[in-house]
Amino acid sequence: MRHPALAHIALFAGGDLAGWLRWRVSKHVAHCQECRDEVQGLRDAASQLRELADDMPELPNGLNWSRLAAEMTGNIRVGLAAGEAIALFDKPLRGRRRLGLHMGWRLSWNAALVVLGATAIFAVAFWTSLPPQQSEHLLASLQRIRTERIGTLLHSSLIPAATLEGVVLEASSSSIQVRENGRAMSLIPHSDGATVSVSMHGSAGVRFVDADTGQVTTNKVYYAEQ
Amino acid sequence: MRSSSALLASALFLIPCNSVLFAAALPRIDLPADSPVVLLSADYGESNEMPRGSAMLLDVHAALSLRNSSQRKIRGITLLVTAQAVTPGGKGSVTVTSLDVGPQEAFPVRIDLRLLRPLQASSGVPVQISLDGVLFDDLSFYGPDKLSSRRTLTLSEWEARRDRRYFKSVLASGGQEKLRQEMLESLTHQADRPSLDVEVVRGARATNFEPEKQVQFAFLSLPDSPIEPMGGMARIAGDEARAPRLEVKNRSDRAIRYLEVGWILHDRSGREFLAGSVPAELNLAPGQKSQILGDATLKFPQLGGQPLGIEGMTGFVSSVEFADGTVWIPTRADLDAPQLQRVVAPSDEEQRLAQIYRKKGIKALIAELNKF
Chain E
1 MRHPALAHIA LFAGGDLAGW LRWRVSKHVA HCQECRDEVQ GLRDAASQLR ELADDMPELP
61 NGLNWSRLAA EMTGNIRVGL AAGEAIALFD KPLRGRRRLG LHMGWRLSWN AALVVLGATA
121 IFAVAFWTSL PPQQSEHLLA SLQRIRTERI GTLLHSSLIP AATLEGVVLE ASSSSIQVRE
181 NGRAMSLIPH SDGATVSVSM HGSAGVRFVD ADTGQVTTNK VYYAEQ
Chain P
227 MRSSSALLAS ALFLIPCNSV LFAAALPRID LPADSPVVLL SADYGESNEM PRGSAMLLDV
287 HAALSLRNSS QRKIRGITLL VTAQAVTPGG KGSVTVTSLD VGPQEAFPVR IDLRLLRPLQ
347 ASSGVPVQIS LDGVLFDDLS FYGPDKLSSR RTLTLSEWEA RRDRRYFKSV LASGGQEKLR
407 QEMLESLTHQ ADRPSLDVEV VRGARATNFE PEKQVQFAFL SLPDSPIEPM GGMARIAGDE
467 ARAPRLEVKN RSDRAIRYLE VGWILHDRSG REFLAGSVPA ELNLAPGQKS QILGDATLKF
527 PQLGGQPLGI EGMTGFVSSV EFADGTVWIP TRADLDAPQL QRVVAPSDEE QRLAQIYRKK
587 GIKALIAELN KF
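In order, the protein sequences belong to chains E and P.
Counting along the first sequence from 1, when you hit position 8 you're at 8 in the working numbering, and nothing is skipped either side.
Counting along the second sequence from 1, when you hit position 360 you're at 586 in the working numbering, and nothing is skipped either side.
Quick look at the structure:
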């Protein structure tokens, strides 16, 4: 018997799996003891986590977990929708260079698609009933997408795709990353307790003592022209 | 013929794609012909490539075994990692410091790399690993030095010598018990040191919607520092800091070609974090003043769910390189200043020695110190 992916089982256990996949996983779980145990285990872990969280002093008193979960789910959906809207721009850029004279109508068509994407984002935002401050944040993000992505596209159609999206360096104790145009390269420390450092010259690093070799290793990312 | 093709297609379909790392996606390792290190083996263990949503995720776990083919001891090495097809605007490096690798000895370098690229992009990601530099025990250097590895490795080696000297003096004056106490303090310090996630965006353009303000730097005085900070400010907007501008004076009698100023941020609730450093390559004659400008924006994601409201900043000179190639670093006494102790991480060597103590005990630590 082929079991569903663990990610689907986890989403199912949390009640976050929708539509066809939910039906399929539910049908499988009904007949598979192993997966039923997995679902129960995940549900137990979630409830234990809630109990533990109640004892954590850092969290605000009376934290509404259902609301927090709804906000997180909403944010993920908004992020995915925004990603789709942005992805619509990346495609015509490549096509436009190839097609030359067909640039004009393709630009309009894609601008229309982005407007549709933005409308979808609003729909998702209302659908997930975001609290007011989250809605404001969403509006601000949309404004940025509009000015930075659409504005850039309309005003600099001949700039290479790679320069449209800034190269961003990210450093956390779990990884460092150079992110560019929806692509990313990360270097992962092979240990816990890593130390993060950044330089205003345009580099980010994380230093750690390798768990296996005991060697002090520093992973760094930089802007390419450095 | 047709049936065998169908069989092959079925077999390919049944191969779980998440357990396969296509040979074309394996890194290419380029070492120069006259390199002081040679590649003995490269093990890609659990490397794999798998679809993740609408993207392809390539996990490379490379365990390289290199041999010192020179006649000198190696103290540090930097490998340059590039993935032109994925992030042409960025590159990475892996540096191993505090090494003690004699001639013809082998040593490992581990690289854990993850690449994320759209599914529709061409398969096979050419990751290139090349040598940027090797530092030897006589402080001589080999390599193209595209990443200023010579400076990074030299500074680390100076720190290592300073800290070994310090711990040896602790052992000589206070014996094993005092050394043990120092190590426990170091481990506690490493565990307690506040750490922040940071995003570096090129250009000095704020992306925050909060109003921007100019905040003046306060400076920590390090008496022996060849550089005297005269003043400085940076623009702060909510959890973003950008465009630091510092004025410094060379108060030594030697020309200076590089310096770095550490940058400590204070938030609304009085917490302090080492945000980063402001480096400058310059040519500063004795007694001369100069301005240092940083052109990146540092963004600090929310800390524990709370936005980091930056209220104040402190700067301190963290390293200097003179025109003759020698360097200045803060002394152990300088680093004992309470504010620096709270935020500055221990050196590479102190971290390494503390880990030896933690994993193998005081005898192993003493044996390690006696090697040098």
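Backbone N, C-alpha and C fix where the C-beta goes; we use that ideal spot for every residue, glycine too.
Does the beta-carbon distance from residue i to residue j come in below 9 angstroms?
{"i": "Val526/P", "j": "Glu466/P", "result": "Going by the sequence as given, residue 526/P is Phe instead of Val. Their beta carbons are under 9 angstroms apart, which means Phe526/P touches Glu466/P by this criterion."}
{"i": "Pro334/P", "j": "Val286/P", "result": "no"}
{"i": "Ser203/E", "j": "Val426/P", "result": "yes"}
{"i": "Ser324/P", "j": "Gly359/P", "result": "no"}
{"i": "Leu448/P", "j": "Phe499/P", "result": "no"}
{"i": "Arg183/E", "j": "Leu306/P", "result": "no"}
{"i": "Thr195/E", "j": "Gln577/P", "result": "yes"}
{"i": "Pro512/P", "j": "Ala481/P", "result": "yes"}
{"i": "Phe367/P", "j": "Arg376/P", "result": "yes"}
{"i": "Gly538/P", "j": "Ala444/P", "result": "yes"}
{"i": "Val198/E", "j": "Ser319/P", "result": "no"}
{"i": "Thr552/P", "j": "His492/P", "result": "no"}
{"i": "Leu42/E", "j": "Gly15/E", "result": "no"}
{"i": "Thr378/P", "j": "Thr308/P", "result": "no"}
{"i": "Ala224/E", "j": "Val168/E", "result": "no"}
Could you check how far apart the C-beta atoms of residue i and residue j are, in whole angstroms? I think they sit under 8 angstroms.
{"i": "Ala590/P", "j": "Ile582/P", "result": "6 angstroms"}
{"i": "Val264/P", "j": "Leu290/P", "result": "About 11 angstroms; that fails the 8 angstroms criterion."}
{"i": "Ala522/P", "j": "Met185/E", "result": "Wrong, their Cβ atoms sit about 19 angstroms apart, outside the cutoff."}
{"i": "Arg468/P", "j": "Arg477/P", "result": "Actually they are not in contact, since the Cβ atoms of Arg468/P and Arg477/P sit about 28 angstroms apart, beyond 8 angstroms."}
{"i": "Gln517/P", "j": "Leu446/P", "result": "So it is not a contact: roughly 20 angstroms between Cβ atoms."}
{"i": "Glu575/P", "j": "Glu385/P", "result": "6 angstroms"}
{"i": "Phe598/P", "j": "Arg390/P", "result": "5 angstroms"}
{"i": "Ser545/P", "j": "Glu486/P", "result": "5 angstroms"}
{"i": "Tyr222/E", "j": "Leu357/P", "result": "No, Tyr222/E and Leu357/P are not in contact; Cβ-Cβ is about 16 angstroms, not under 8 angstroms."}
{"i": "Arg497/P", "j": "Pro564/P", "result": "Actually they are not in contact, since the Cβ atoms of Arg497/P and Pro564/P sit about 14 angstroms apart, beyond 8 angstroms."}
{"i": "Leu381/P", "j": "Ile555/P", "result": "6 angstroms"}
{"i": "Thr217/E", "j": "Asp210/E", "result": "5 angstroms"}
Chain E partners of residue i, CB-CB under 9 angstroms?
{"i": "Arg428/P", "result": "Gly166, Val167, Val168, Leu169, Gly202 and Tyr223"}
{"i": "Leu424/P", "result": "Going by the sequence as given, residue 424/P is Val instead of Leu. In chain order: Leu169, Glu170, Ala171, Ser172, Val196, Ser197, Val198 and Ala204."}
{"i": "Arg483/P", "result": "Those do not exist, as Arg483/P stays about 15 angstroms from chain E at its closest Cβ, beyond 9 angstroms."}
{"i": "Leu410/P", "result": "Near Leu410/P there are no residues of chain E at all, since even the closest Cβ is about 16 angstroms away, more than 9 angstroms."}
Interface residues of chain E around residue i at Cβ under 8 angstroms?
{"i": "Ser273/P", "result": "In chain order: nothing, as chain E lies at least about 12 angstroms away."}
{"i": "Ser399/P", "result": "Within chain E, no residue comes near Ser399/P; the closest Cβ sits about 26 angstroms away, beyond 8 angstroms."}
{"i": "Pro452/P", "result": "Result: empty, since nearest Cβ-Cβ is about 20 angstroms, beyond 8 angstroms."}
{"i": "Arg293/P", "result": "Those within 8 angstroms of Arg293/P in chain E number zero; the least Cβ separation is about 15 angstroms."}
{"i": "Gly502/P", "result": "Ser197, Val198, Ser199 and Met200"}
{"i": "Ser421/P", "result": "Ser173, Thr195 and Val196"}
{"i": "Asp574/P", "result": "Arg207, Val216 and Thr218"}
{"i": "Leu446/P", "result": "In chain order: nothing, as chain E lies at least about 18 angstroms away."}
Which one or two residues does DSSP pair with residue i in a beta bridge?
{"i": "Phe443/P", "result": "Met539/P"}
{"i": "Met185/E", "result": "Val178/E and Leu341/P"}
{"i": "Ser356/P", "result": "Asp256/P and Leu306/P"}
{"i": "Gln517/P", "result": "Glu473/P"}
{"i": "Val221/E", "result": "Ala204/E and Gly318/P"}
{"i": "Val260/E", "result": "Outside the displayed range of chain E (1 to 226) lies residue 260/E, so it cannot be described from this structure."}
{"i": "Glu547/P", "result": "Tyr484/P and Val553/P"}
{"i": "Ala467/P", "result": "Ile462/P and Leu524/P"}
{"i": "Leu422/P", "result": "Answer is none; Leu422/P lacks a bridge partner."}
From which residue to which residue does the alpha helix (DSSP H) around residue i run?
{"i": "Asn596/P", "result": "Ile588 to Asn596"}
{"i": "Pro449/P", "result": "No alpha helix (DSSP H) holds Pro449/P; DSSP gives it neither H nor E."}
{"i": "Arg22/E", "result": "Gly19 to His31"}
{"i": "Ala13/E", "result": "Leu6 to Ala13"}
{"i": "Val569/P", "result": "Pro564 to Val569"}
Which residues in chain P have a C-beta closer than 7 angstroms to the C-beta of residue i? List them in chain order.
{"i": "Asp210/E", "result": "Arg336"}
Within 8 angstroms: the Cβ of residue i and any heavy atom of the ligand GDP?
{"i": "His190/E", "result": "The ligand content of the structure shown is nil, which means the ligand GDP is not present either."}
Over what stretch of residues does the beta strand (DSSP E) that includes residue i continue unbroken?
{"i": "His415/P", "result": "Taken as a continuous stretch (DSSP letters only), His415/P belongs to no beta strand (DSSP E), being part of the alpha helix (DSSP H) at Ser375 to Asp418."}
{"i": "Pro505/P", "result": "Glu498 to Leu510"}
{"i": "Leu485/P", "result": "Ile482 to Asp493"}
{"i": "Ala559/P", "result": "It is not in any beta strand (DSSP E) - Ala559/P instead sits in the alpha helix (DSSP H) that spans Arg558 to Leu561."}
{"i": "Leu283/P", "result": "Ala281 to Asn294"}
{"i": "Ala268/P", "result": "Val263 to Asp269"}
{"i": "Ala522/P", "result": "Ala522 to Lys525"}
{"i": "Thr195/E", "result": "Thr195 to Ser199"}
{"i": "Glu275/P", "result": "Asn274 to Arg278"}
Along chain P, in chain order, which residues have C-beta atoms closer than 9 angstroms to that of residue i?
{"i": "Glu180/E", "result": "Val312, Thr313, Pro314, Gly315 and Gly316"}
{"i": "Leu187/E", "result": "Val307, Gly318, Ser319, Val320, Ile337, Asp338, Leu339 and Arg340"}
Going along chain E in order, which residues have a C-beta closer than 7 angstroms to the C-beta of residue i?
{"i": "Asp577/P", "result": "Position check: residue 577/P holds Gln in this sequence, whereas Asp was assumed. Those within 7 angstroms of Gln577/P in chain E are Val209 and Val216."}
{"i": "Gln581/P", "result": "Val209 and Gly214"}
{"i": "Ala571/P", "result": "Thr195"}
{"i": "Ala522/P", "result": "Met200 and Gly202"}
{"i": "Arg343/P", "result": "Arg183"}
Which bits of chain P does residue i rub up against, with CB to CB less than 8 angstroms?
{"i": "His190/E", "result": "Arg336 and Asp338"}
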